[in-house]
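Here the structure comes first, spelled out in structure tokens, and everything after it is commentary.
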Amino acid sequence: MKSFLKVLLIVLITIVAIIIFVFSYVIIKNPLGIGDVVKSYIIPRKADVNMEDYADYDNPLLTDAQEEKIIKAGIDIRKIPTEITPEQQKCGVEKLGEERILEIVNGAEPSPTEMLKVLPCL
Numbered sequence: 016m017k018s019f020l021k022v023l024l025i026v027l028i029t030i031v032a033i034i035i036f037v038f039s040y041v042i043i044k045n046p047l048g049i050g051d052v053v054k055s056y057i058i059p060r061k062a063d064v065n066m067e068d069y070a071d072y073d074n075p076l077l078t079d080a081q082e083e084k085i086i087k088a089g090i091d092i093r094k095i096p097t098e099i100t101p102e103q104q105k106c107g108v109e110k111l112g113e114e115r116i117l118e119i120v121n122g123a124e125p126s127p128t129e130m131l132k133v134l135p136c137l
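Residues in the sequence shown are numbered from 16 upward in steps of one, following the numbering used here.
Here you go:
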């Protein structure tokens with residue numbers, strides 16, 4: 016019975032390894048264009064962003080470069096608040112630290128990771 020379980024376990028591990036290998040091959044080598052189909056299921060597509068839709072909108076808290084990055088990330092710039100409440104400030108300081116928040120307020124560009132960390136605060 017023990018040897019049967021060992022054989023069964025080895026067979027199952029081999030099957031899983033083969034599946035992982037084939038999946039990796041399809042993603043990396045892209046035979047017959049199948050990789051693009053697989054990637055489309057794994058990686059969600061960003062909506063096509065038309066910058067002209069936001070041409071008449073200006074958020075007073077963001078620079079033009081920051082607005083452009085946010086729009087290209089697929090976030091509706093009109094949903095970002097135009098003023099920061101004390102609760103939002105406190106949340107931002109908890110997430111990034113007071114020194115980094117002051118740098119961003121003075122014009123430093125936040126990294127994408129920082130933007131994702133602070134997003135729940137907004």
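Ideal Cβ placement from N, Cα and C applies to all residues, glycine included. Since the model is a prediction, treat every value here as computed from it, not as a measurement.
Short CB-CB distance (under 8 Å) between residue i and chain D
| i | result |
| --- | --- |
| L24 | Within the model displayed, chain D is absent; a lone protein chain is all it includes. |
Assigned secondary structure, residue i (DSSP; H/G/I helix, E/B strand, else coil)
| i | result |
| --- | --- |
| Y72 | coil |
| E129 | helix |
| L77 | coil |
| I85 | helix |
| P96 | coil |
| E124 | coil |
| L137 | coil |
| I119 | helix |
| I90 | coil |
N-terminal and C-terminal residue of the alpha helix (DSSP H) that residue i is part of
| i | result |
| --- | --- |
| C106 | P101 to L111 |
| I43 | K17 to K44 |
Contact belief for residue i with residue j at Cβ below 8 Å, rounded distance in angstroms
| i | j | result |
| --- | --- | --- |
| I119 | P125 | 5 Å |
| T78 | G122 | 7 Å |
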